[in-house]
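Below: one structure, written as structure tokens.
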Amino acid sequence: MWMSDRSLTQQALANSLADLVSVLPATSQLPFLRAFWQTMQREWTNIDVLRMEKFLLLVRRYLGASLKVLREGMWEDALVREHLDLLEEVPLEVENPRIPNGMRFHVIDIYVDELERAGGLEKAGEESSVPLELLLEPLRKLERSSPTKPVRVKAKEALADERLPGNEKVEKEVVDEDEWGGIQD
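Taking my numbering, the leading residue of the sequence shown gets 540, the next gets one more, and so forth.
Right, dumping it as structure tokens:
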């Protein structure tokens, strides 16, 4: 299955593998996800460049599946904390040099996308049951504490995403017509 280089086949397999999370009993989901993340961590540097896209998609689908479990659990606080603890244990762990930064970068890149896809950004605010501040905490920890500057910068960029509450796109100021606008042709 992973031998196929056809895009649709790769996508279907990544979707099917990530869908396994939702069919598992609740007591097996975290151990299953832990095994996935530990395997990705161990094998990440061995993935050749021609196969990397397949694994980037697989990581995206598994992160999305994790967030979907949280949504289906009605964003229950204890469940969210368990899943975030797992993310902070492997792909978003702050200091462990055995976690490849490439994997960290990818998870940071897709985090807000997958959070939005799972409905974590809908109605964010007082009336929402989504604990958005808690869900963003792994990124905040990376921004504050990562010993690697590019990881801190990438986390800061993700937290500045305009889809997050408080980060609405600011309109550029209109330049005063009395100001010098350059040389006219």
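A virtual CB, placed ideally from N, CA and C, is assigned to each residue, including glycine.
If you check the CB distance, leucine 678 and isoleucine 649 do not come in under 8 Å.
In the structure shown, isoleucine 649 adopts helical secondary structure according to DSSP, grouped into three states.
Serine 605 counts as buried, since at least 16 other C-beta atoms from the protein chains shown sit within 10 angstroms of its C-beta. Taken atom to atom, the span from the alpha-carbon of leucine 654 to that of leucine 660 is near 7 Å.
For valine 608, the enclosing alpha helix (DSSP H) covers residues 591–611. Three or more beta-carbon pairs separated by less than 8 Å are not found between the region 581–595 and the region 617–632, which leaves the two stretches without contact. Separation of glutamate 632 and threonine 548 (C-alpha to C-alpha, rounded to the nearest whole angstrom) is 32 Å. Between alanine 657 and arginine 610, the alpha-carbon positions lie close to 7 Å from each other. In this structure, the alpha-carbon of leucine 681 lies about 7 Å from that of valine 690.
Between alanine 697 and isoleucine 647 the beta-carbon gap is near 5 Å, inside 8 Å, which marks them as a contact.
DSSP places asparagine 554 inside the alpha helix (DSSP H), whose first and last residues are 546–562. Annotation for valine 692: the continuous alpha helix (DSSP H) segment containing it runs 688–698.
In this structure, leucine 671 sits away from proline 630, with a CB-CB distance that is not shorter than 8 Å. Serine 567: member of the alpha helix (DSSP H) spanning 565–582, first to last residue. Excluding five sequence positions before and after glycine 612, the CB atoms of its chain that fall closer than 6 Å to its own CB belong to Leu618, given in chain order.
In the three-state DSSP reduction, serine 668 falls in the coil class, being neither helix nor strand.
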